[in-house]
Amino acid sequence: MAVRLCDVASLLRSGSWAAEPWTGQVIAAMETQLSNRLTCNNTSNGPSTISHNCSSPVESGSIEDSKTNLIVNYLPQNMTQEELKSLFGSIGEIESCKLVRDKITGQSLGYGFVNYMDPKDAEKAINTLNGLRLQTKTIKVSYARPSSASIRDANLYVSGLPKTMTQKELEQLFSQYGHIITSRILVDQVTGVSRGVGFIRFDRRIEAEEAIKCLNGQKPPGATEPIMVKFANNPSQKTSQALLSQLYQSPNRRYPGPLAQRFSRFSTMAIDGVTSLAGINIPGHVGTSWCIFVYNLAPDADEGILWQTFGPFGAVTNVKVIRDFNTNKCKGFGFVTMTNYDEAAMAIASLNGYRLGDRVLQVSFKTNKTHKA
DNA sequence: TGAGATT
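Following the working numbering, the numbering of the first sequence begins with 636 at its first residue and continues without gaps.
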């Protein structure tokens, strides 16, 4: 099986995401000022090389920002709002929780918001859940900015990049026009070589607009060909398009649908270990879940450790650490609920006998001893 | 010609 225990071990804080140190949004008057500072004199007389004489943008900041409201990105596609609440509720009391879904299709857009009652819990959630691996995703947890039009649609699609250009170089190129939230260069999955396309998400729309004006059709330093810079499609457009094409196209299936699923659970196992982690629902188990008994947990074990340990194996819907009523210390065992049999079985096979801290776990399906008298 | 970050 392709699941490696070192992956599980690496969960325990790889620090893969830094929390955005960022503290706020800029008032409208500053936007004009910023816009003026960054104005370039790009003429449309064809490609030329880019000069780097623009000044750096000001850092935005405000004490008004919420210290309780978090944005959670890169959630697994099949994760529900209830699971999101369960995961973040293990840190502290939640005031509200929302998984963002496509308005038309209802599909998860892969991100959500969690608002805590106590700012300390929000901070703790960033420290403990940011970078958590869930299925094939590594979630990112950071403070949410107050929603406003100025921060929307600030995502750029860049193509024609030199294949040798690194993410850092891409950021250097674009950072002169504003504060970059995320950047990415797409690579060939087999060779790892750049595909010459990437994405830059700016803090604010005006920064993205300025970058398009200044960089579209220009040659990066040392490049022989000009790059194309434009606004990226947003996810709701894509899901809407997919819905439309489903409605209007012939019934030929391009993706594994109900037919493939009829091969039952082995279809998810046979392809490779990664596919089996993708959270494909298995007919016959819809509406059921699989409860896993985890024994030999340390006294200080908490729900977070169970999420971290089982989350990478598939859809986890709930975790529970059994505690002593008086001391509140873990009594040495807990339970994990998973949606899919394959994923639960994989987790058990991989984690039974696994060393967690100074203890060797015993992991099995929960047996039906039912209730105590 | 493409991942998924502002309710």
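Every residue gets a Cβ at the ideal spot worked out from N, C-alpha and C, and that includes glycine.
Of all alpha-carbon atoms in Pro934, Phe928, Tyr812, Asn1003, the one lying nearest the alpha-carbon of Met973 is that of Phe928. Within the DSSP bridge table, the entry for Thr773 names Arg768 as partners. Fewer than three Cβ pairs drawn from the segment 800-817 and the segment 728-748 lie within less than 8 Å of each other, which leaves the two stretches out of contact. Contact between the segment 976-995 and the segment 757-765 is absent: fewer than three C-beta pairs spanning the two stretches fall below 8 Å. Secondary structure note for Phe809: its alpha helix (DSSP H) is the uninterrupted segment 802-810.
A contact between stretches requires three or more CB pairs, one per stretch, nearer than 8 Å, and the segment 958-970 meets this requirement with the segment 923-938. Within the model, the alpha-carbon separation for Leu744 versus Gln853 is close to 33 Å. The beta carbons of Ser829 and Leu796 sit closer together than 8 Å. Contact between the segment 708-723 and the segment 945-953 is present: 3 or more CB-CB pairs across the two stretches fall below 8 Å. Looking from the CA of Val822, the closest CA among Gly831, His814, Ile816, Ile815 belongs to Gly831. Here Arg787 is not near Asp700, since their CB atoms are 8 Å or more apart. The C-alpha of Phe1000 is placed about 10 Å away from the C-alpha of Tyr976. A Cβ-Cβ separation of about 7 Å places Ile816 in contact with Phe837 under the 8 Å criterion.
When DSSP assignments are scanned along the segment 924-1002, the uninterrupted stretches of alpha helix (DSSP H) that are 4 or more residues long and fall wholly within it turn out to be 938-945, 976-986.
DSSP lists Leu705, Cys732 as the beta-bridge partner residues of Val749.
Per DSSP, reduced to three states, the secondary structure at Lys755 is helical.
Bounds of any beta strand (DSSP E) do not take in Ser783, whose DSSP letter is neither H nor E.
Just measuring C-alpha positions, the residue of Gly747, Lys772, Ile739 sitting nearest Ser731 is Gly747. DSSP, read as helix, strand or coil, puts Leu722 in helix. Here the alpha carbons of Gly992 and Asp753 stand approximately 30 Å from one another.
Shown here, Ile739 sits in coil according to DSSP, grouped into three states, outside any helix or strand.
Under a 10 Å Cβ-count criterion, Lys865 is classified as exposed, with fewer than 16 other Cβ atoms of the shown protein chains found around its own Cβ. If the five residues before and after Glu728 are omitted, its C-beta is found closer than 8 Å to the C-beta atoms of Tyr751, Met752, Asp753, Asp756, all from its own chain and listed in chain order.
Around the beta-carbon of Arg990, fewer than 16 other beta-carbon atoms lie within 10 Å, marking it exposed. By the C-beta density criterion, Phe723 is buried, having at least 16 other C-beta atoms within 10 angstroms.
Assignment of beta-bridge partners to Leu791 by DSSP yields Ile835, Phe866. From the listed residues Tyr778, Lys848, Gln770, the smallest Cα separation to Val793 is found for Lys848. Our two residues, Leu719 and Pro856, have alpha carbons roughly 44 Å apart in a direct line.
Between Pro711 and Leu769, the beta carbon gap of about 5 Å places them in contact (Cβ cut-off 8 Å).
Annotation for Pro861: Pro682, Gly795, Gly852, Gln853, Lys854 place their beta carbon closer than 7 Å to its own, counting only its chain and skipping 5 residues before and after. Residue burial is scored here from C-beta neighbours: Asn704 has at least 16 other C-beta atoms within 10 angstroms and is therefore classed as buried.
In this structure, the straight-line span from the alpha carbon of Asp959 to that of Gly766 is close to 30 Å. For Leu850, the enclosing alpha helix (DSSP H) has its first and last residue at 840-850.
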